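Residues in the sequence shown are numbered from 4 upward in steps of one, following my numbering. First the structure, in the form of structure tokens, and then the observations on it.
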Amino acid sequence: LLTPTTSIMASGAAAMMAPKGDIPPWSQLATEAKEEAKAGHFDAAAELLSRACKEYPSWAQGHLARFRLAKEKLGASLEEQLRIIEEGLSGCQEQDRQSLEAVRQQLASKLTEEQDCSSCSEQAPCLHGCPDTDEAAASSSTMKKKPKLKGVKLLPHEEELLKSGHLEDVTHPGASAIWLSAPSRAEDETQEGMVRVYRPMGDLEYDHLQRHGVLPSTQPYQTIVIGDEGRNYAEKYLRGQKSVDSAPTTVVEFLMPADLIAGLFKKQSKNEDGAISHGLGNKGGNGLPLFNEALAQGLGSYRIVFVKRFDATPRPRGMGGKRTKG
4 LLTPTTSIMA
14 SGAAAMMAPK
24 GDIPPWSQLA
34 TEAKEEAKAG
44 HFDAAAELLS
54 RACKEYPSWA
64 QGHLARFRLA
74 KEKLGASLEE
84 QLRIIEEGLS
94 GCQEQDRQSL
104 EAVRQQLASK
114 LTEEQDCSSC
124 SEQAPCLHGC
134 PDTDEAAASS
144 STMKKKPKLK
154 GVKLLPHEEE
164 LLKSGHLEDV
174 THPGASAIWL
184 SAPSRAEDET
194 QEGMVRVYRP
204 MGDLEYDHLQ
214 RHGVLPSTQP
224 YQTIVIGDEG
234 RNYAEKYLRG
244 QKSVDSAPTT
254 VVEFLMPADL
264 IAGLFKKQSK
274 NEDGAISHGL
284 GNKGGNGLPL
294 FNEALAQGLG
304 SYRIVFVKRF
314 DATPRPRGMG
324 GKRTKG
């Protein structure tokens with residue numbers, strides 16, 4: 004198989020073979036995706052490819068490039084990989100479906116096996132090579148501090164937050180991912196003149212935040228949402244209720260000056276499934292410089308309140324939290 008970058012390059016080259024005349028929108032998007040992938044901006048490349056495939060639904064190689072990028076560079080779950088391939092199958096003509104169908108069958112088989120293994124119990128002995136159920140059912144106190152799930156491993160900062168009690172393991176029986184959660188700050192815990200806002204993000208974006216104390220300027224919309232309704236909305240990206248290619252893993256709670264947030268939302272906002280969002284990026288209200296300035300000056304703070312960890316394979320981390328619509 005081609006690597007994700009060379010796959011996009013090949014797809015971009017194929018785009019240049021489009022019918023003569025004006026360059027179609029999907030061809031331009033494919034070319035931009037190629038450039039983003041070459042520069043290592045895989046999350047941006049995934050967004051552009053997604054848009055290109057919507058413009059040209061029967062572009063089988065484009066759908067395969069999206070799949071490889073999501074799998075190998077963004078660490079997408081099996082469910083997300085399968086969704087991308089099924090989107091491609093729904094748009095492609097019969098003669099172009101063979102390569103996509105082969106991938107779909109492989110993913111469906113892996114997903115079924117994973118689900119079968121996650122349901123193994125003492126009453127139904129494992130036939131899939133899972134760890135011994137007695138070992139997996141070690142003391143609840145140990146499990147609470149270090150959850151065990153086949154093929155899944157927490158990142159170091161997640162393990163530390165779990166051990167320190169800042170996050171709690173809320174993984175449900177039969178899950179194929181580790182779920183960690185912390186309660187939102189209560190109203191009486193929020194300092195006067197401050198407000199809670201939430202943002203879903205992928206591993207690379209959180210890594211940048213953790214290292215530099217500010218958000219990266221790589222997202223075209225970069226949504227933030229306010230309060231409890233905002234947290235519920237942000238969690239939808241991790242729960243699969245909103246579809247994205249960029250594999251968000253983390254919801255971050257920011258405590259920010261209320262006057263700053265009010266000013267940003269006055270400048271630009273829109274309704275989002277029961278919440279109101281502001282886009283920090285240049286496709287939204289372009290408020291990122293002001294938001295980051297407040298963080299850099301110590302006027303705001305942040306913490307992780309929700310995690311879905313679903314892939315233990317070492318990989319470059321996806322930016323996450325970006326919508327399919329800018």
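For glycine and all other residues, C-beta sits at the position ideal for the given N, C-alpha and C. Note that the coordinates shown come from a computational prediction; the quantities given were computed from them, not determined experimentally.
To the nearest angstrom, how far is it from the Cα of V70 to the Cα of L241? Locating residue 70 in the sequence shown gives position 67, counting from the first residue. Locating residue 241 in the sequence shown gives position 238, counting from the first residue. It should be noted that the sequence gives Phe, not Val, for residue 70. Inter-residue distance for F70 and L241 is about 18 Å (C-alpha atoms, whole angstroms).
So who's on the other strand from K113, going by DSSP bridges? Counting from one through the sequence shown, the residue named residue 113 turns up at place 110. K113 is not bridged to any residue.
Supposed contact pair V217 and F257 - C-beta distance, whole angstroms, cut 8 Å: Locating residue 257 in the sequence shown gives position 254, where the first residue counts as 1. Locating residue 217 in the sequence shown gives position 214, where the first residue counts as 1. About 11 Å separates the two Cβ atoms, so there is no contact after all.
Between V254, Y236, C95, L293, which has its C-alpha nearest N274's C-alpha? The residue given as residue 274 occupies position 271 in the sequence shown. Closest by alpha carbon: Y236.
Nearest to G303 by CA position, among E116, S220, L263, A40, is which residue? Here residue 303 refers to the residue found at position 300 when the sequence shown is read from its first residue. Measuring from the Cα of G303, the nearest candidate turns out to be L263.
Given that a residue counts as buried once 16 or more other Cβ atoms are within 10 Å of its Cβ, and exposed if not, what is G177? Taking the sequence shown and counting its residues from 1, one reaches residue 177 at position 174. Exposed is the label assigned to G177, since fewer than 16 other Cβ atoms lie within 10 Å of its Cβ.
Helix, strand or coil at I26 [DSSP, three-state]: Here residue 26 is taken as the residue at index 23 of the sequence shown, counted from 1. Looking at I26 - three-state DSSP - the assignment turns out to be coil, as it is neither helix nor strand.
Is it the case that the Cβ atoms of L92 and L110 are separated by a distance below 8 Å? Looking up residue 92 in the sequence shown gives position 89. Looking up residue 110 in the sequence shown gives position 107. Not in contact: L92 and L110 (Cβ atoms no closer than 8 Å).
On a Cα-Cα basis, can you pick out the residue from L51, R306, E75 that is closest to D210? Indexing the sequence shown from 1 puts residue 210 at position 207. Of the listed residues, the one whose Cα sits closest to D210 is R306.
Please name the residue in R188, E195, L165, G196 whose C-alpha comes closest to that of I181. Looking up residue 181 in the sequence shown gives position 178. Of the listed residues, the one whose Cα sits closest to I181 is L165.
Note the first and the last residue of the continuous beta strand (DSSP E) segment covering G91. Position 88 of the sequence shown, counted from the first residue, corresponds to residue 91. No beta strand (DSSP E) contains G91, which is instead part of the alpha helix (DSSP H) from 81-94.
Environment of A105 [buried if 16+ CB atoms lie within 10 Å]: For the purposes of this step, residue 105 is identified with residue 102 of the sequence shown, where counting begins at 1. It is exposed - the Cβ of A105 has fewer than 16 other Cβ atoms within 10 Å.
P223 beta carbon less than 8 Å from that of K270: Within the sequence shown, numbered from 1, the residue matching residue 270 stands at position 267. Within the sequence shown, numbered from 1, the residue matching residue 223 stands at position 220. In this structure, P223 does not lie closer than 8 Å to K270 by Cβ.
If you draw a straight line from the C-alpha of W29 to the C-alpha of L52, how long is it? For this step, residue 29 is matched to residue 26 along the sequence shown. For this step, residue 52 is matched to residue 49 along the sequence shown. Distance between the alpha carbons of W29 and L52 is about 8 Å.
DSSP three-state label for E195, please. Along the sequence shown, read from residue 1 onward, the residue named residue 195 stands at position 192. DSSP places E195 in coil when its eight states are reduced to three.
Measuring alpha carbon to alpha carbon, tell me which of I88, S167, G233 ends up nearest A63. Here residue 63 is taken as the residue at index 60 of the sequence shown, counted from 1. Comparing alpha-carbon positions, the option among I88, S167, G233 lying closest to A63 turns out to be I88.
Just list the residues that DSSP pairs K311 with in beta bridges. Numbered from its first residue, the sequence shown carries residue 311 at position 308. K311 pairs with W182.
Please classify D210: does DSSP put it in a helix, a strand, or coil? Looking up residue 210 in the sequence shown gives position 207. Helix at D210.
Kindly indicate if chain C contains any beta-carbon less than 8 Å away from that of V255. Reference to chain C is not applicable here, since this structure consists of a single protein chain.
Straight-line gap, G321 to P260 (C-alpha atoms, nearest Å): Against the sequence shown, residue 321 aligns to sequence position 318. Against the sequence shown, residue 260 aligns to sequence position 257. Confidence is the limiting factor: at G321 the pLDDT is only 47, short of 50, which leaves the residue's position unreliable, though a coordinate-based value still follows. Within the model, the alpha-carbon separation for G321 versus P260 is close to 29 Å.
Grab the span of the alpha helix (DSSP H) containing K156 for me, first residue to last. Numbered from 1 along the sequence shown, position 153 holds the residue referred to as residue 156. Here K156 belongs to no alpha helix (DSSP H), and DSSP marks it neither H nor E.
Local Cβ density within 10 Å of E83, reported as buried at 16 or more and exposed below that: As a first step, residue 83 is located in the sequence shown; it is residue number 80 there, counting from the start. So E83 ends up on the buried side.
Can you tell me where the beta strand (DSSP E) with L258 in it begins and where it stops? Within the sequence shown, numbered from 1, the residue matching residue 258 stands at position 255. Looking at the DSSP string, the run of the beta strand (DSSP E) that includes L258 is 253-260.
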